[in-house]
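Trainee: Protein chains in written order, with our numbering: chain A, 1 to 260; chain B, 1001 to 1260. This is the structure I want to talk about, given as structure tokens.
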DNA sequence: CGGCTCGTCCATCAATATTGGACCGAACGT
DNA sequence: ACGTTCGGTCCAATATTGATGGACGAGCCG
């Protein structure tokens, strides 16, 4: 019955797995590290670190280049294959690409997971890049257009749960940091039909997003967005086809999802 | 002294980590599974499976949707951030995109890891898609243009090691399955300056690839490729700019890598 | 309403993760 | 050239903890 969230989670846990992720997270900070340095930054015994590194190496997820260790591309494969299985991705990828080249700005497809916005796919116009967020990026919902478009599809209780879980930290002066203001904003988005992010996450960056309704259940939520420098995304540019292009793309995505 | 490969690897291993990967690999086969079904396909006790699932869930890498479990997007994030840190990727991404839209075919960037070809980035022209290999895909070197371009940069001993490790299985009638034939082919590639894959992996699919030399060491090897249906990649089309475009793109990548 | 299945939980016990310290080769400073 | 240090690798001993059979309760089907 999807009794959500805050239950006990009574330590049914395998320590070694958590330790492994500690090591992996440690490796993420480096291009490549030696055992000793990694061990000291993680505050783990050298022997322990070493054993995990070797285990990960044998599993194929860590590569040893002459004494130094680094995360291997097997994780890229894993992530890629997970995404590949998502019907939403299959239905949307092409459309996002076209949208991006059509409007000449970055186009993104996002979903919610664990109360955060995840960048499922991002497409940059072939001319100038500008944002360059990595695939799979997790970030808070309330300061991105994608995230707000996602939230606008949720019940008030679910929004509350998200806010409880992650809070409303601020990134810029424009970030929404009050729960009430967020609810007002979401209401406005529902009426307006699209979400706007105006320098709420980063100075000079604007974005617009529209929910993608691809399922009858309210469970999986998705949204598509266009983002770019504020100066190129003024109110007039929005009317000049950007919003229209986005709307159209979302329509196509929803359709191709249905009979994919 | 990088005493390569076949050493003992004396079981410095954490079982639980391997078990975890078993569970993860099991999850990859499903969109979403229940504990019992997963346990039985993995031939693991239900309780054991359950504990791992819960652990993975707490770590954020597995998501529980109403009793069923599935791999989360956190792996996508991990893979994405690993790729993002690679200077080669930063230098090449944009160029691969442009190449793809310029020639109207799929453009790929590949590297070698663990004796296999890994798809670091793939870009499809915004019109028709055709191949759709997932990011991060691993496959054998000898039956792809990228792989052969990669191999052509290696010493004979290294090539031997790769063949020893993975063999030369065949995918189609055209696959190179003899070591001698492979060495001849690599020599031809070195002279010609580019590699050709002519239905050696899949019927009807052709590709051309050029090595990307971005480092003075011979350690990291990379290559870029164009691939598409055989009928669109005939000898004449190759001369008609495809090869030239590829060469140019590789040049630019090599340059932008240097002073990135 | 009764029987089955499934997810979750728990207590037991042997297996194994953990860790300090030894070892060894390379790098480095003098 | 030599001694010293540092980093990677290995090993043995112990307590921790991973593994697992079985119990429990809720939902579903007949």
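The beta-carbon is built from N, C-alpha and C at its ideal position, and this holds for glycine as well.
Please classify residue 1183 (chain B): does DSSP put it in a helix, a strand, or coil?
Mentor: helix
Trainee: Between the alpha carbons of residue 1226 (chain B) and residue 1106 (chain B), how many angstroms are there, rounded?
Mentor: 6 Å
Trainee: Who are the near neighbours of residue 121 (chain A) in its chain, counting only those whose CB is closer than 8 Å to its CB and skipping five residues on each side?
Mentor: 83, 89, 92, 93, 96, 108, 109, 135
Trainee: Count the C-beta pairs between the region 51 to 63 of chain A and the region 1056 to 1074 of chain B that are closer than 8 Å, then say yes if the count reaches three, no if not.
Mentor: no
Trainee: Apply the 10 Å Cβ neighbour rule to residue 1145 (chain B) and answer buried if 16 or more other Cβ atoms are within range, or exposed otherwise.
Mentor: buried
Trainee: Just to confirm before moving on: does the CB-CB distance between residue 12 (chain A) and residue 1023 (chain B) stay below 7 Å?
Mentor: no
Trainee: Is the distance from the Cβ of residue 169 (chain A) to the Cβ of residue 204 (chain A) below 7 Å?
Mentor: no
Trainee: Name, in chain order, the residues that DSSP records as bridge partners for residue 1116 (chain B).
Mentor: DSSP output for residue 1116 (chain B) lists B:1113 as bridge partner(s).
Trainee: Going along the chain, which residues of the region 1247 to 1258 of chain B sit with their C-beta nearer than 7 Å to a C-beta in chain A?
Mentor: none
Trainee: Output needed in chain order: residues of the region 1124 to 1137 of chain B with a Cβ under 8 Å from some Cβ in chain A.
Mentor: 1124, 1126, 1129, 1134, 1135, 1136, 1137
Trainee: Can you name the residues that DSSP bridges to residue 197 (chain A)?
Mentor: A:207
Trainee: Taking the C-alpha atoms as reference points, what is the distance between residue 1113 (chain B) and residue 158 (chain A)?
Mentor: 43 Å
Trainee: Report all residues from its chain with a CB closer than 6 Å to the CB of residue 1178 (chain B); omit the five preceding and five following residues, and keep chain order.
Mentor: none
Trainee: Taking residue 1065 (chain B) as part of the beta strand (DSSP E), name the residues at either end of that continuous run.
Mentor: Residue 1065 (chain B) -> beta strand (DSSP E) spans 1062 to 1065.
Trainee: Apart from the five residues on each side of it in sequence, which residues of its chain come closer than 6 Å, Cβ to Cβ, to residue 1140 (chain B)?
Mentor: 1166
Trainee: Taking 6 Å as the cut-off, is the CB of residue 1163 (chain B) close to at least one heavy atom of the ligand GDP?
Mentor: Among the ligands in the structure shown, none appear at all, so the ligand GDP cannot be discussed.
Trainee: Helix, strand or coil for residue 130 (chain A), going by three-state DSSP, please let me know.
Mentor: Looking at residue 130 (chain A) - three-state DSSP - the assignment turns out to be coil, as it is neither helix nor strand.
Trainee: Quick one: does residue 37 (chain A) have its CB under 7 Å from some CB of chain B?
Mentor: no
Trainee: Quick one: does residue 243 (chain A) have its CB under 7 Å from some CB of chain B?
Mentor: Taking Cβ atoms only, chain B never reaches closer than 7 Å to residue 243 (chain A), which makes this a no.
Trainee: Anything in chain A within Cβ reach of residue 1149 (chain B), meaning under 8 Å, just list it in chain order.
Mentor: Those do not exist, as residue 1149 (chain B) stays about 17 Å from chain A at its closest Cβ, beyond 8 Å.
Trainee: Excluding the 5 residues flanking residue 193 (chain A) on each side, which residues of the same chain have their C-beta closer than 6 Å to its C-beta?
Mentor: none
Trainee: Roughly how many angstroms separate the alpha carbons of residue 1142 (chain B) and residue 1028 (chain B), rounded to a whole number?
Mentor: 26 Å
Trainee: Just list the residues that DSSP pairs residue 1108 (chain B) with in beta bridges.
Mentor: BP columns for residue 1108 (chain B) point to B:1122, B:1225.
Trainee: From A:212, A:161, A:72, pick the residue whose C-alpha is nearest to that of residue 255 (chain A); which is it?
Mentor: A:212
Trainee: Can you find the residues in the same chain that come closer than 8 Å, C-beta to C-beta, to residue 201 (chain A), ignoring five residues on each side of it along the sequence?
Mentor: 139, 143, 144, 171, 172, 175
Trainee: What's the call for residue 258 (chain A), buried or exposed, on a 16-neighbour Cβ count within 10 Å?
Mentor: exposed
Trainee: Could you spell out where the alpha helix (DSSP H) holding residue 246 (chain A) opens and where it closes?
Mentor: 243 to 258
Trainee: First and last residue of the alpha helix (DSSP H) that includes residue 1037 (chain B)?
Mentor: 1035 to 1042 is the span of the alpha helix (DSSP H), which, as asked, contains residue 1037 (chain B).
Trainee: Quick one, are the C-beta atoms of residue 1123 (chain B) and residue 1155 (chain B) less than 7 Å apart?
Mentor: no
Trainee: Are the C-beta atoms of residue 1078 (chain B) and some chain A residue less than 7 Å apart?
Mentor: yes
Trainee: Residue 5 (chain A) to residue 160 (chain A), Cα distance in whole Å?
Mentor: Below a pLDDT of 50, predicted positions are generally treated as unreliable, and residue 5 (chain A), at 33, falls in that range; the measurement from the model is reported next regardless. One C-alpha to the other measures close to 12 Å.
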